Structure formats: structure tokens, C-alpha cells
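Order-wise, the sequence lines are chains R and P. Numbered per the numbering used here, the first sequence spans residues 16 to 125. Numbered per the numbering used here, the second sequence spans residues 16 to 125. Here a beta-carbon is modelled for each residue, glycine too, at the ideal position from N, C-alpha and C. From a predicted model like this one, the values you see are computed outputs, not experimental measurements. Read the structure below first, then the notes.
Protein chains: 2
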Amino acid sequence: MGLTKTENFTEKQNDIAKLLKALGHPARIAIIEHLLKMKTCVCGDLVSELPLAQATVSQHLKELKNVGIIKGTVEGNAVCYCLDENAFDYLKGYFSNILADVKCQQSNCC
Amino acid sequence: MGLTKTENFTEKQNDIAKLLKALGHPARIAIIEHLLKMKTCVCGDLVSELPLAQATVSQHLKELKNVGIIKGTVEGNAVCYCLDENAFDYLKGYFSNILADVKCQQSNCC
DNA sequence: TCGTATGATTGCAATATTGCGATTAACTTT
DNA sequence: AAAGTTAATCGCAATATTGCAATCATACGA
């Protein structure tokens, strides 16, 4: 039906899924990698860097902001974007834990 | 138009996006966490563990297998699933690198 | 061989996502 | 104030995803 049954999963599972879903699009990965490359936060040059229209970029930025992956602060009539350390800290931790557990069980597995 | 313009992004960006998109669903997170909890690979009890129909679970498993997050081996008339260490190694590395870079630039940012 | 069990596939309906042109809102500059 | 700049929002069309019942394919046991 196209409707994800979020009510049947734990809050944590829904949270991590939402975060990863927001990252699961090449345009949004490109946005993040561009914000990384620039040594400081980026004000407005994202549209010219990406092969997408202004409305589309704005929407992707909104999604990333909604899940807390980037922060945006208004700076005059431009907006200044940068990455939120906490989100990546959380993701790194999540995958580190999984990896540790997976390595443990590799021996008695297929 | 609902059509992601993958051709405008790098192969790496598309790859990581595909991997993260596959993880961006609570049912698939639940599958992974269940495979983790069981100390060995899991044969068939996934459907009874999840609040989803058999056809739906099978489809989620297929998506996870397509991007290399899980491996499945046929074992008689059951199928045995387990996590693929390489995928999580890759993801952990990806986020570790981002986090390191983000921490560097926190000083001169918004 | 025939029934049973397991899991994949098909086909469908409902909903979500993507992308963009057009417009709007808010601020700057002249 | 008028004109320009920047980014958010709206509304739409095209496509993708989600979930499931029904069916199919394969392997197992009697």
C-alpha cells in the first residue's frame, strides 16, 4: 500500500531508519560531501554545485535539516549550512556496534 | 518526476546512497537487528519475528541481499541469512571519515 | 508419488518520493 | 520605495516504494 507500518517497530528502529533514509539519495550525499569539502559552512553556493534546480536542492536541504543531519542559520538574505556532528557521531557508533557484533559471530555462521 | 537523476552523480555517491537507502526502512533495520541478536545465522524464523506478511519480509530480504548487506544460503528447503561484514565495515569507515572531517571544521563554523 | 512446508514471485492498490516551474517571502541595495 | 537577490513553498506530473493475497517453485517426509 505504500504505507510504512512504523507503529509496529520500536522508536529506535524508526529513528535510525529515518536518518538513513534521509541519507539514501545521491543528491543528499553530494550535499553532505560538498559541505565537508568546504572548510567552513556554506552559504548559498550549493545550487550552482549540484545538477538540480533551486527548488529541488531546497527540498533536499529541508529533509536533511528535518532529521538533524545539517544545521542552517540565516545570514542576511542568504542561509548558511553546515553538518551536525551529533548525527554522524550517532551513525558511526551505530555501525561500530553492529560491526563488532558481526565480527564475533562470523565463526559459527554460514 | 519521481525519477532520481543518478546519472549526474558520481558512482561512489550512488553506491553509498543505495546502501543507505536499503537501510532506511524500519522493517529492514529490524531484520538486521534480529540477525545480530541471534548468535548464528537465521533460517526462516524471520517472518514470525516481524509484524509483516511473508511476502513482505521476503521482499525486504531481497533488497538487503541486492545491495550486499546480508547473505543468504539455501539450506535444504529453508534459507539461511546472515549479515555481510564487509558492508558494515564500509559504512563504519564512511561515517568515521566524515566525523573526523566535521570535527576539524567545527571551530570556524556557524 | 503425494501431500506438506518453505520461501520466492506476481500483480495489484495505496501511498511516498523526486524534480521542477512558478510563485512567494524576506532581506539588501540603490 | 523600487529593483534585485536569495531561498522557501506550492502544485503538479512522473515514478518508486510498501504491503499483501495469491500463486508458483522447490525440497522434504511419509
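Residue i to residue j span [Cα, whole Å]
i: Tyr96 (chain P); j: Leu34 (chain P); result: 18 Å
i: Ile44 (chain R); j: Lys27 (chain P); result: 10 Å
i: Val94 (chain R); j: Phe103 (chain R); result: 22 Å
i: Lys77 (chain P); j: Gly83 (chain P); result: 10 Å
i: Leu114 (chain R); j: Ile31 (chain R); result: 16 Å
i: His75 (chain R); j: Tyr105 (chain R); result: 21 Å
i: Leu65 (chain P); j: Asn29 (chain R); result: 14 Å
i: Gly17 (chain P); j: Met16 (chain R); result: 17 Å
i: Glu48 (chain P); j: Cys56 (chain R); result: 35 Å
i: Gln120 (chain R); j: Gln120 (chain P); result: 37 Å
i: Asp116 (chain R); j: Asp116 (chain P); result: 26 Å
For residue i, the three-state DSSP class (helix, strand or coil)
i: Gly59 (chain R); result: coil
i: Gly108 (chain P); result: helix
i: Thr88 (chain P); result: strand
i: Ala93 (chain R); result: strand
i: Leu98 (chain R); result: strand
i: Pro169 (chain R); result: Because chain R here runs from 16 to 125, residue 169 (chain R) falls outside it and cannot be looked at.
i: Val72 (chain R); result: helix
i: His49 (chain P); result: helix
i: Val117 (chain R); result: helix
i: Leu79 (chain P); result: helix
Cβ-based neighbour list, residue i, same chain, cut-off 7 Å, excluding 5 preceding and 5 following
i: Leu79 (chain R); result: Ala37, Arg43, Ile46 and Ile85
Own chain, CB closer than 8 Å to residue i, minus 5 neighbours either side, in chain order
i: Asn101 (chain P); result: Gly83
i: Asp99 (chain P); result: Gly83, Ile84, Ile85 and Lys86
Residues near residue i by beta carbon distance below 6 Å, same chain, minus five either side
i: Asn81 (chain R); result: none
i: Lys118 (chain P); result: none
Below 8 Å, can you find three or more Cβ-Cβ pairs linking the region 29-44 of chain P to the region 28-48 of chain R?
Contact holds: three or more Cβ-Cβ distances are below 8 Å.
Segment contact flag, the region 59-77 of chain R with the region 54-62 of chain P, C-beta cutoff 8 Å, min 3 pairs
Contact fails: fewer than three Cβ-Cβ distances are below 8 Å.
Three-pair Cβ contact test at 8 Å for the region 19-34 of chain P versus the region 46-57 of chain P:
no
Under 8 Å: do the region 108-117 of chain R and the region 86-94 of chain P share three or more Cβ pairs, one atom per stretch?
At 8 Å Cβ cutoff, the stretches do not touch.
Go through the region 20-44 of chain R residue by residue and report every complete run of the beta strand (DSSP E) that reaches 3 residues or more, in order.
none
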